[in-house]
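Step one of this worksheet: look at the structure below.
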């Protein structure tokens, strides 16, 4: 019996040690920051960069003297693109390593997987990627774009500037494209687009043979009306998609493609010369002309030791999120999650496009929306931007079941999904 | 709501501004150039049209520079320059005279923004200016841009150009462009009907879209003629649909075959499931990337032949790694195929992460040489060059492999070991040596597949993973260890997939193909081309 | 008592260990004061619970691979189906506490605009129905699949690859949002099971005990099968299928029986896995996951039952430790472990330190130069 106990305790101890790198062993007390990004598996392609950005930001903060008089310490784990592993690692970071906040996740499913953990253990997650909305959680801060901060302005641009009347909504078959396309369909129909002028198409993850679909788009686009493609195709499948577009001779001047998941990093794997003029909508482009951006790019190149590495929107989101957290902790005088959650609403920090972003009560942030065209050097050139900042809307106004929902995490409401029609908070679990 | 109001207000403002700009038309090229960076895209499109209207000889070069995004405005002084980038150095030139101004830093000048709308305006303006260009290619481009805009004001210019034009292809292009313009002009009905007849001979999307638009014409005769022409085009399209699916299927099949055939060899000879096969494909793709990087830095002139250089190198790199795997690991696991599966899975993890550490986790850019870019058309069928070359490449690799197996002593030994290892050993064949050779050959072909895949897919550490399962399906469907099986399997699966896709959608098509494989194996438990012989009965 | 074929010394030791764990782990978490030397963080309870379900899964693979020579590269499918059956029940349990407050429809159906519950979701509000489905769905699929495949005498690598095709097809199908299983996001945000809050330590401890019990029962069942007369037939099928057939055994029947049983065990493992990790999504169907299960068995030692259990715990334990310790290079370490284990411990960890019982089985297998796989 004794030996069994020892065995199990040994295992537990090993697990504890593993994650903590000997948690209590350090003499100097630090504030720990968890970094939960996949370093292996399918998502490593996008997430590794974010891990590097976080390490850089933490290093910069320490150079400025740390936080609350203590140094920050990054705790990096690898959830390996495995969704249940995300939940396990999140729990490990919070329970075993005792991190004060976690910056991480990329895919919606990884966020959904860790949500209950953050709720149960009451910690903080900063989520840096554009997503489908329809969520607002007390412990999560969404620093990426909600659909109204990306999709809708981009469609507005195409309607007004390009006179587009016919739409192909092409996406990978998962929740972000599904929701975005639902919202866009409703939005387009409310602007008088007929149902037969909308073509919706879904493909599996990592789809690499685009011949049929590109030919379909070409045929759909030859019906006498100006046509555009709204692409929510996920990272990996984009390169073969654009290569096929280029080869089949679909030019941006004829059928522009506006993408919501294609940033500088994705373009780095492509020869962009045949793609000039295709569009993307983001809240940040590396080409943004702002001093903060120049400084950020310079620091990034120095940190990563490679002048050819690009910066992209989720990196900016982490930059904003990290500053917000730092400021909120300073404001609250503690890293206690409850205090930080209360303090962070309303915190305003400079973003990289020369303006300021503020944390709203629904835990989304304000952002400018930029529409950019792909250039032959793999960068985007901003061709249009919103005149002011757009507030991230957690619950879309264009979906029948969510239009009555609002979110406000300040007292006294403190609710992520308050139904204004019934006057109740649907998930009163917290 | 506020946002939409602002948008509306902005749009109105742009229109007002554009209206007030009209008097600028008569201005000189210099003054117009100064106006280029200012205002909204509509205003600037008007400036572009005005530049074309000056009739100045320098306008063409200026507009082309603008379209290329080479025009920049100096941050101090506001002078507009044309910037030529070479690597990291930016050299400024005067956009009108072409005189060199000197080197500038990349941040000293801001780019004059061009969007699709402006690009269309430029193309239209250039079309108008270059209809009479002595350069044949330019005249064709000009005709295409007029066809696109269908600007009625170009009819006279086209008529004038047609009088002197002798080149038949350019003549047809001009006639088509003229027809498109006629449809938009206030011309007699008969002339419009004739225009539709002129256009109906072509079938590209551009023309289809013009004719479709004409079906809603308020002149009944024109609408009827357009509807008629549209019908004929649609019929032709339907007939070509099947051909198109076959072509897409062949093309998909060629990719599958390239990925699978190396597996088929090592699988057949050694009975080994090589889980690292996908990673060997990836190594081939990364070799292509490395070769192109070297060429870019040291011999940019060789870029067009980079793939020809990369192919043998990829074969050697992947082949060497393959031999390494066989000699280092598989050799010791002889006769224990399942342990080999486990070990090669471990190796695949290591290879993947090694590449990730060396090259970084992000996609790498592998360029397409000119002969691999673009497409040509046969009837309604668009054939892209890269797919065609990959198909030919796959067939060549297959033929070469057959030749090796059927006509060389090494191939004879491989076949002998495949059919009956122990008997082959008894006949004095060094089966260990044959194993290494086979594994190396299979791996080398995986490397060749990587070169081809680099032209159509991501070059990232995940590349191999996305093809490995499909490769297994092909090999098993065709019959393990049979080259012709892999050949027939790949093309059958490719074509079946592509015929299902239009009806079932991409996801369901793939699911159906898998179900088809499962059921097919029930009918033929040893695949399409079952090897006969005692050894495989196990 | 000395020669009980069902419960030999090793089995007794293992079951005793399992019972001890089922008592000690919850106690150390619930009773011991946090901070004391005996305290076990609840993180570890959920983690160990997960390992136990993996162990059960590995056991189910070993039952068919180690004893019947059926190498399934698609066993993750049965695991995931069991998980989905349980996940669907847990989704229904959320009831009106979802973000949209819909009493019947799960959240993902609400915002994708489903109007009513699809028929295949009917009945999952009942726990007993879900439990039944946990057994019937994987079992049924395995029965149909096995019936087709074994009858046609699909063997060896062909069988392995079509099992892989099966799980791959299921993965693609479940990824489709139109299927009504939540697409890529899968099922998540579970609240409680049978009225117990899934986020409480006590429930987690309960699930741990349930997993330990399931593993124990699964082990006994597997022992029962393998030590019975039928078990001997299975081994003969593994070693020389044609010979067994010529001796008059209905090979297909035996294979089908054990394949179905194994799929049901995997289903149970999946059903216990889901409430403990809090999510089930189509990623569980991915062919790579199924290959990994086989690797656990191989690392632990094939054909030993306990080897599968040990392998699952060792590999996953290593994964947990390494992803935290050396996140940048853990893949290298894991890959190397796989290579080195195959090279230097061909009979797996347990086989290498194994006892006489392995020797007899191993010798027989070693005699055949061309194994049945």
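Chains as they are written, first to last, in our numbering: chain A, 49 to 478; chain B, 611 to 1148; chain C, 83 to 455.
Ideal placement from N, C-alpha and C gives every residue a C-beta, glycine not left out.
These figures come from a predicted structure and were not determined experimentally.
Listed in chain order, the positions of the region 240–251 of chain A with a beta carbon within less than 9 Å of a beta carbon of chain B are 249, 250, 251. Apart from sequence neighbours up to five positions away, the residues of its chain that approach residue 453(A) with a beta-carbon distance below 7 Å are 443, 465, 466, 467, ordered along the chain.
Per DSSP, reduced to three states, the secondary structure at residue 432(A) is strand. Within the model, the alpha-carbon separation for residue 1045(B) versus residue 1114(B) is close to 43 Å.
Non-local C-beta neighbours of residue 785(B) in its own chain, meaning closer than 8 Å and more than five positions away in sequence, comprise 772, 808, ordered along the chain. About 5 Å separates the Cβ atoms of residue 165(A) and residue 135(A), confirming a contact at the 8 Å cut-off.
Distance from the CA atom of residue 176(C) to the CA atom of residue 275(C), rounded to whole angstroms, is 9 Å. Around residue 137(A), the same chain offers 84, 125, 127 as residues with beta carbons nearer than 7 Å, after the five sequence neighbours per side are excluded.
Residues of the same chain with a CB within less than 6 Å of the CB of residue 424(C), apart from the 5 flanking positions on each side, do not exist. Any Cβ of chain B closer than 9 Å to the Cβ of residue 365(A) would place that residue at the interface, and such an atom is absent. Around the C-beta of residue 101(A), 16 or more other C-beta atoms lie within 10 Å, and the residue is accordingly described as buried. In the structure shown, residue 1019(B) falls within a helical segment according to DSSP collapsed to helix, strand and coil. For residue 421(A), the three-state secondary structure derived from DSSP is strand.
Secondary structure note for residue 214(A): its beta strand (DSSP E) is the uninterrupted segment 214–220. Across the set 750(B), 672(B), 882(B), 978(B), the C-alpha of 882(B) shows the shortest separation from the C-alpha of residue 1090(B). Between residue 251(A) and residue 218(A), the gap from beta carbon to beta carbon is short of 9 Å. For residue 891(B), the nearest beta carbon of chain C is not closer than 9 Å to its own beta carbon. A contact is defined here as three or more CB-CB pairs under 8 Å, and the region 398–408 of chain C fails this definition with respect to the region 346–365 of chain C.
Chain B has no Cβ within less than 9 Å of the Cβ of residue 228(A). At least one CB of chain A lies nearer than 9 Å to the CB of residue 733(B). For the pair residue 427(A) and residue 715(B), the Cα-to-Cα distance works out to about 18 Å. Neighbourhood of residue 268(C) in chain A, by CB distance below 7 Å: 157, in chain order. Judged by DSSP in its simplified three-state form, residue 125(A) adopts strand. For secondary structure counted as the beta strand (DSSP E) over 3 or more consecutive residues, the region 299–372 of chain A holds these complete runs in sequence order: 305–307, 327–330.
Taking 9 Å as the cut-off, the beta carbon of residue 256(A) is found closer than this to the beta carbon of residue 1076(B). Nearest CB-CB separation between residue 349(A) and chain B: not below the 9 Å threshold. Residue 305(C) places its beta carbon 9 Å or farther from that of residue 91(C). Around the CB of residue 119(C), fewer than 16 other CB atoms lie within 10 Å, so the residue is classed as exposed. Three or more beta-carbon pairs drawn from the region 217–231 of chain C and the region 161–169 of chain C are found closer than 8 Å, and the two stretches are therefore classed as touching.
Counting only Cβ-Cβ distances below 7 Å, residue 424(C) has contacts in chain B at 943, 949, 952, 953, in chain order.
By the Cβ-count criterion, residue 1007(B) is buried, with 16 or more other Cβ atoms from all chains shown falling within 10 Å of its own Cβ.
706(B) is the residue among 706(B), 689(B), 695(B), 693(B) whose C-alpha sits nearest the C-alpha of residue 668(B).
Contact of residue 956(B) with chain C is assigned, a C-beta pair being separated by under 9 Å. A distance below 9 Å separates the beta carbons of residue 151(A) and residue 369(A). Contact between residue 416(C) and residue 401(C) is confirmed by a C-beta separation of about 7 Å, below the 8 Å threshold.
The region 375–385 of chain C makes contact with the region 140–153 of chain C; the number of CB pairs closer than 8 Å reaches 3 or more.
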